[in-house]
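Here is the structure we will look at, set down as structure tokens.
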């Protein structure tokens, strides 16, 4: 017995020395430590856990110390649909290089592949998630980074699927270079301020590619949102910057490149909106600068519903949209200046690159389509061209001060 | 029938008007491409031209040809030739030469500008198919009008009216009824109304390719099924065929009974 005790002490001593030398705890199928949970239990603060290639059938892994988990050659963590897989409840945790599958589905609990709860300075990177419910779920966690992950869902119905990356009451987080497909909402933010969303690809999601509400001062740059059920929806937020994003192929009756509702003091610049049913749908949004955006081949370039004041549209390209701009009423308080319109038919006699006749972007037909949606089948008919022309000459139904006084002759590069 | 077809066809191919028509499209194609330098944009402009001009020219050409060759027709009627082959031959001769002018006139500039390398090739072929159908339809409608009206001036008037009605007035009435009855579900009605006008039908067919994103903006199951799937394409093409075949059948039927 004593002999065994000695051995145990020796092993313990070995562990401590190992830790002193910051040697990582190695986890593999044939090692001493066979599961990740076990490894975490053995580890002390600031340890590194090296997980070798293999399949680990585990769930409810709770990381409660500042640890670094590194997967070698993408070890698989299989949750077998039993529940949540990794839960981080400590500051300073890094999770790097895992392949996590089979998150449990529940109608009462939002099970996630990786959930971060009330922790700071976390880093989640190079993780591949498949067969998930929720993907990466940040809950009241600040100052972290979600980098270069791949989330591939197979969501079929909205009621029993979850979001790819979800932030809830989390501030100062960077979400970049991720790929999210086939989730309910690709990236979802609620009550999360000062977030940077950069260079992500959110495609083929069931509902929204990006969805955020009550999240102020966030920056969205160089992301791609394509073929999502309802495009991108942003609501009830202030001080948003959206730059260099691409919104493509969001088709459907309630599908938008971007839906803006109650967004104030934002900047939307250098984005591309291509082949969407509606490029941007604006409702109750004020003081937004739209600059240098491309609206190409959309059904509606911009659809303005009620209560949008003091917005400015300067230096954008509107090309080959069925309707460039559509307005609901006769009131206009927005500025259109120096844009390029592919439908512009005026001339430029003084050769300064600016058309000599103002352009009226709102067609009477778009007004008629708002009133009687079925009349969309008359699009591009001669009769419509005739009445559009007469409306252009003397505006009766569309706001008469809505015009671009300096339409460009060539498109903005 | 083929002899008469050949005769009419060669007669027309040699005529000045065929050349003018051919050169017009050739010029139009080159100018459009030269100004736009973008095949897909040119196709949109071309669509507007095709759905307005092709019916107009086919109608007028058809009715003129029928009245002008009346004496020749009467001469043929005295011969032991089947009546249906006389009229069908003449009709196919006219429609064939018009279609040829259209397809070649537009095809040559687009091919030269690198159509085969562009992904707009399907849209373009659809445009040509639609143009060909419109030629066939409006020529046979013109023949029908001419056959039923001995009086040239009257026939000519009816033909122009037919074009005006189909191209402009029909859509006006259509839109008015949509606005008046907007309280009712109108999606089936509006699709139905589109089908009963070959010009609208061709327009829809092209819109299916060009403006699909806007068409899908309307909430309605019938619309969605029609525009969102291939059903729209098949129904439209089927209706265009019907629009061609039925007037031809009437032409044959009436010409058999008519007392010349």
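Residue numbers (our numbering), protein chains in the order written: chain A, 3 to 415; chain B, 1087 to 1346. We put the CB at the ideal spot given by N, CA and C, even for glycine. Nothing here was measured: the structure is a model prediction, and the numbers come from that model.
Residue i burial status per 10 Å Cβ neighbour count (16 or more: buried)
i	result
residue 298/A	buried
residue 187/A	buried
residue 1274/B	exposed
residue 406/A	buried
residue 247/A	buried
residue 160/A	exposed
residue 1269/B	exposed
residue 393/A	buried
residue 1160/B	exposed
residue 1105/B	exposed
residue 434/A	Any question about residue 434/A goes unanswered here, given that chain A covers just 3 to 415.
residue 352/A	exposed
residue 400/A	buried
residue 16/A	Any answer about residue 16/A is weak, because its pLDDT of 48 lies below 50 and its placement is not dependable; what the coordinates show is given next. Looking at its Cβ environment, which holds fewer than 16 other Cβ atoms inside 10 Å, residue 16/A is exposed.
residue 336/A	buried
residue 1102/B	exposed
residue 1327/B	exposed
residue 75/A	exposed
residue 1320/B	exposed
residue 1271/B	exposed
residue 251/A	buried
residue 319/A	buried
residue 403/A	exposed
Distance between beta carbons of residue j and residue i, contact taken as under 8 Å
i	j	result
residue 68/A	residue 48/A	6 Å
residue 278/A	residue 294/A	So it is not a contact: roughly 18 Å between Cβ atoms.
residue 157/A	residue 208/A	5 Å
residue 1088/B	residue 1179/B	At roughly 10 Å, the Cβ-Cβ gap does not stay under 8 Å, so residue 1088/B and residue 1179/B are not in contact.
residue 1230/B	residue 1100/B	About 26 Å separates the two Cβ atoms, so there is no contact after all.
residue 1195/B	residue 1139/B	Actually they do not touch by this definition, with Cβ atoms about 16 Å apart.
residue 261/A	residue 283/A	5 Å
residue 65/A	residue 95/A	5 Å
residue 1322/B	residue 1173/B	That pair is no contact at about 28 Å.
residue 228/A	residue 205/A	4 Å
residue 171/A	residue 142/A	5 Å
DSSP bridge partner residues for residue i (one or two, in chain order)
i	result
residue 80/A	103/A
residue 1157/B	Answer is none; residue 1157/B lacks a bridge partner.
residue 244/A	222/A, 270/A
residue 321/A	298/A
residue 237/A	215/A, 263/A
residue 410/A	342/A, 356/A
residue 73/A	53/A
residue 204/A	182/A, 227/A
residue 96/A	70/A, 125/A
residue 114/A	136/A
residue 250/A	228/A, 276/A
residue 291/A	269/A, 314/A
residue 64/A	89/A
Proximal residues to residue i (C-beta, below 7 Å), its chain only, five neighbours per side dropped
i	result
residue 1343/B	none
residue 1289/B	1137
residue 381/A	324
residue 173/A	144, 194, 195, 196
residue 256/A	232
residue 1091/B	1175, 1178, 1179
Beta-carbon contacts of residue i that lie in its chain and below 6 Å, excluding the five residues immediately before and after
i	result
residue 288/A	266, 311, 312
residue 316/A	293, 339, 340
residue 409/A	343, 346, 357, 361
residue 203/A	181, 226
residue 220/A	197, 242
Cut-off 8 Å between Cβ atoms - residues of its own chain near residue i, not counting five sequence neighbours on either side
i	result
residue 416/A	Nothing can be reported for residue 416/A, as the shown portion of chain A is limited to 3 through 415.
residue 1381/B	Missing from the structure shown is residue 1381/B; chain B here goes from 1087 to 1346 and no further.
residue 1246/B	1145, 1146
residue 1317/B	1311
Could you run through the region 1129 to 1145 of chain B and flag, in chain order, every residue whose CB is less than 9 Å away from some CB of chain A?
1130, 1133, 1134, 1137, 1138
Residues of the region 1234 to 1262 of chain B with Cβ closer than 9 Å to any Cβ of chain A, in chain order
1253, 1254, 1255, 1256, 1257, 1258, 1260, 1261
For the region 200 to 234 of chain A, which residues have a CB atom closer than 9 Å to at least one CB atom of chain B, in sequence order?
none
Against chain B: residues of the region 325 to 347 of chain A by CB proximity under 9 Å
325, 344
Note down, in chain order, all residues in the region 367 to 379 of chain A with a beta-carbon under 9 Å from any beta-carbon belonging to chain B.
370, 371, 373, 374, 375, 376, 377, 378, 379
Listed from N- to C-terminal order along the chain, which residues in the region 245 to 261 of chain A have their beta-carbon within a distance smaller than 7 Å of any beta-carbon of chain B?
253, 254, 255
Near-chain A residues of the region 1285 to 1304 of chain B - C-beta to any C-beta below 9 Å
Per Cβ criterion, the list reads 1285, 1286, 1289, 1290, 1292, 1293, 1296, 1297, 1298, 1299, 1300, 1301, 1302, 1303, 1304.
For the region 280 to 294 of chain A, enumerate the residues whose C-beta is nearer than 7 Å to any C-beta of chain B, in chain order.
Within the region 280 to 294 of chain A, the residues whose Cβ lies closer than 7 Å to some Cβ of chain B are 280, listed in chain order.
If contact means a Cβ-Cβ distance below 8 Å, which residues of the region 293 to 321 of chain A contact chain B?
Within the region 293 to 321 of chain A, the qualifying residues are 299, 300, 301, 302.
The region 1190 to 1222 of chain B: positions lying closer than 8 Å to chain A by Cβ
Here the close residues number zero.
The region 377 to 397 of chain A: positions lying closer than 8 Å to chain B by Cβ
Answer in chain order: 377, 378, 379, 380, 381, 382, 383, 384, 385, 386, 387, 388.
To be precise: take each residue of the region 1265 to 1278 of chain B, compare its Cβ to all Cβ atoms of chain A, and keep it if any distance is under 8 Å. Which residues remain?
1265, 1268, 1272, 1273, 1275, 1276, 1277
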